[in-house]
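Protein chains in written order, with the numbering used here: chain Y, -10 to 197; chain U, 1275 to 1481.
As structure tokens, the structure follows; a few thoughts come after it.
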């Protein structure tokens, strides 16, 4: 099979990260700021990337990432070493991202603006094949369609499809059962399919 | 009419169908599309178009972390690379935490000031104890029944009777005071209800 091999994920720490990070987190619990600084430096790229995928906006992602790490430090005493540090970290980041999405919905910001951008981009590239789409446009398509998802459905979809995390990890991050994760993912996919077929039929094999 | 067909098309579509069947199965595992397949969909327009017919959400395959470690942003301005943003975030977080640490960590107290604070507390404790002791002594003194010494102390000289009111109780004589050097001081009462106060100063008293 002549498939393009997936590129490495440079934003993720090495496989032995859980043990190292658990030890660092325990030192941070004892008040070791330098140990926490090491954790921040190890995990910031992954958290920023995740929040960009979750929020779709680099500035928002940066703000929420900062709040995430400050929140982690403030609550480091609650960290349970039974969990991987990254699970706990992404639980906090995910919850803050959900809060940010809710606040954004309240403000009703950028919805019409980004839709106009997508329409403009799509019109200029109407004759192009799907493979010619740039990632930025795919990203905008996702942003426009993901409005039909609940915040939790979106979080599950991003963690699974973009972050490519295992079901048990997502369940740990959401503090729920894997069956619940499965249900959220099923609903998210169904809603996104319907939305793509309705708004972007040319991407779903149809024509507009 | 499809001009170009990918040789991997059949296998790619089979994998997509398998993933879709997993989605509706009762299996507890999540439907899984291998990273290699997503990467292929991001590269191959033919397979991507065919796969999107089966599952339109596969148009998002290029957004997977394994395919594009640098997430796109729909922000109004072009987003800097993740690594650059991450460095800014880490710097800001650590600066804030170090600032908090400086604010919340108390400066070590000078030894003399520390000793003085402790000393002042000890002084206050001693003062309270002394006050309580004196108060207790005064109460004990006032509640104590009258003894022989009081008889002496309460006695007056005969000459002092002239200034006493007519209805005042008769004062006992100072029988125990025989020393010629003894002096008796009497402070008359302000009202008939209050007794007069008498001091006897006797340098030869055998205490």
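Idealized CB from N, CA, C, for every residue including glycine.
Taking Cβ positions, are residue i and residue j nearer each other than 8 angstroms?
i	j	result
residue 1457 of chain U	residue 1470 of chain U	no
residue 37 of chain Y	residue 51 of chain Y	yes
residue 70 of chain Y	residue 1360 of chain U	no
residue 79 of chain Y	residue 162 of chain Y	yes
residue 265 of chain Y	residue 63 of chain Y	For residue 265 of chain Y there is no data in the structure shown, the boundaries of chain Y being -10 and 197.
residue 186 of chain Y	residue 193 of chain Y	yes
residue 41 of chain Y	residue 1356 of chain U	yes
residue 174 of chain Y	residue 149 of chain Y	yes
residue 1328 of chain U	residue 1294 of chain U	yes
residue 198 of chain Y	residue 1336 of chain U	This structure cannot settle anything about residue 198 of chain Y, because the visible part of chain Y is limited to -10 through 197.
residue 91 of chain Y	residue 164 of chain Y	no
residue 24 of chain Y	residue 16 of chain Y	yes
residue 68 of chain Y	residue 142 of chain Y	no
At the level of alpha carbons, what is the spacing between residue i and residue j?
i	j	result
residue 1288 of chain U	residue 1310 of chain U	14 angstroms
residue 1281 of chain U	residue 1320 of chain U	10 angstroms
residue 1462 of chain U	residue 1416 of chain U	20 angstroms
residue 1426 of chain U	residue 1404 of chain U	A caution first: residue 1426 of chain U carries a pLDDT of 45, below 50, which makes its placement in the model too unreliable to give a value.
residue 1369 of chain U	residue 1304 of chain U	41 angstroms
residue 1394 of chain U	residue 1402 of chain U	12 angstroms
residue 115 of chain Y	residue 191 of chain Y	Confidence is the limiting factor: at residue 115 of chain Y the pLDDT is only 39, short of 50, which leaves the residue's position unreliable, though a coordinate-based value still follows. Rounded to the nearest angstrom, the two C-alpha atoms are 9 angstroms apart.
residue 1433 of chain U	residue 1468 of chain U	Residue confidence is low: residue 1433 of chain U scores 45 on pLDDT, short of 50, so the model does not pin down where it sits. Its coordinate-derived value is still stated next. Their Cα atoms are separated by approximately 20 angstroms.
residue 1365 of chain U	residue 89 of chain Y	22 angstroms
residue 47 of chain Y	residue 1354 of chain U	8 angstroms
residue 1371 of chain U	residue 1362 of chain U	14 angstroms
residue 188 of chain Y	residue 1334 of chain U	15 angstroms
residue 1409 of chain U	residue 21 of chain Y	54 angstroms
residue 1339 of chain U	residue 152 of chain Y	5 angstroms
residue 145 of chain Y	residue 138 of chain Y	10 angstroms
residue 13 of chain Y	residue 1330 of chain U	42 angstroms
residue 76 of chain Y	residue 1400 of chain U	57 angstroms
residue 44 of chain Y	residue 86 of chain Y	7 angstroms
residue 106 of chain Y	residue 1307 of chain U	Only weak support exists for where residue 106 of chain Y lies, its pLDDT of 38 falling under 50; the coordinates are left without a value.
residue 66 of chain Y	residue 1342 of chain U	35 angstroms
residue 82 of chain Y	residue 158 of chain Y	14 angstroms
residue 1313 of chain U	residue 1290 of chain U	13 angstroms
residue 119 of chain Y	residue 129 of chain Y	Any reading at residue 119 of chain Y needs caution, since the residue's pLDDT is 44, under 50, leaving its predicted position unreliable; the model's value is listed next. So the alpha carbons of these two residues sit roughly 14 angstroms apart.
residue 1477 of chain U	residue 1406 of chain U	32 angstroms
residue 1279 of chain U	residue 125 of chain Y	26 angstroms
residue 1473 of chain U	residue 1460 of chain U	6 angstroms
residue 1316 of chain U	residue 73 of chain Y	32 angstroms
residue 39 of chain Y	residue 54 of chain Y	9 angstroms
residue 1466 of chain U	residue 1455 of chain U	31 angstroms
residue 1325 of chain U	residue 1284 of chain U	10 angstroms
residue 1375 of chain U	residue 1397 of chain U	35 angstroms
residue 160 of chain Y	residue 84 of chain Y	13 angstroms
residue 136 of chain Y	residue 95 of chain Y	13 angstroms
residue 156 of chain Y	residue 1358 of chain U	30 angstroms
Check for me: the alpha helix (DSSP H) holding residue i runs from which residue to which?
i	result
residue 131 of chain Y	124 to 134
residue 7 of chain Y	6 to 18
residue 156 of chain Y	156 to 163
residue 49 of chain Y	47 to 63
residue 168 of chain Y	167 to 188
residue 1339 of chain U	Unbroken run through residue 1339 of chain U: none, as it is neither H nor E.
residue 1279 of chain U	That residue, residue 1279 of chain U, is in no alpha helix (DSSP H); it is neither H nor E in DSSP.
residue 1370 of chain U	1356 to 1378
residue 1323 of chain U	1319 to 1328
residue 1307 of chain U	Run containing residue 1307 of chain U: none; DSSP gives neither H nor E here.
residue 145 of chain Y	140 to 146
Considering residue i, what are the terminal residues of the beta strand (DSSP E) in which it resides?
i	result
residue 37 of chain Y	Here residue 37 of chain Y belongs to no beta strand (DSSP E); instead the alpha helix (DSSP H) covers 22 to 44.
residue 1461 of chain U	1457 to 1461
residue 1474 of chain U	1471 to 1475
Does at least one heavy atom of the ligand NAP sit under 7 angstroms from the Cβ of residue i?
i	result
residue 124 of chain Y	With respect to the ligand NAP, the structure offers nothing, as it holds no ligand at all.
Cβ pair count under 8 angstroms reaching 3, the stretch 17 to 36 of chain Y against the stretch 53 to 60 of chain Y:
yes
Determine, using beta-carbon pairs with one atom in the stretch 1311 to 1331 of chain U and one in the stretch 163 to 170 of chain Y, whether at least three such pairs fall under 8 angstroms.
no
Using a Cβ-Cβ cut-off of less than 9 angstroms, give me the residues of the stretch 1348 to 1376 of chain U that come near chain Y, in sequence order.
1348, 1349, 1350, 1351, 1352, 1353, 1354, 1356, 1357, 1359, 1360, 1361, 1362, 1363, 1364, 1366, 1367, 1368, 1370, 1371, 1372, 1374 and 1375
Just by C-beta distance, which residues in the stretch 171 to 188 of chain Y are closer than 8 angstroms to chain U?
171, 174, 175, 178, 181, 182, 185 and 186
Short-range partners of chain U found in the stretch 51 to 70 of chain Y, where Cβ spacing is below 7 angstroms
51, 54, 55, 58, 59 and 62
Can you give me, in chain order, the residues of the stretch 3 to 20 of chain Y that have a beta carbon less than 7 angstroms from any beta carbon in chain U?
none
Check each residue of the stretch 1327 to 1341 of chain U: if its Cβ is closer than 9 angstroms to any Cβ of chain Y, include it; give the result in chain order.
1327, 1328, 1329, 1330, 1331, 1333, 1334, 1335, 1336, 1337, 1338, 1339, 1340 and 1341
Taking any Cβ of chain U, which residues in the stretch 135 to 153 of chain Y have a Cβ under 8 angstroms from it, in chain order?
149, 150, 151, 152 and 153
Return the residues of the stretch 33 to 46 of chain Y that lie within a Cβ-Cβ distance of less than 7 angstroms from chain U, sorted by chain order.
33, 34, 37, 38, 41, 42, 45 and 46
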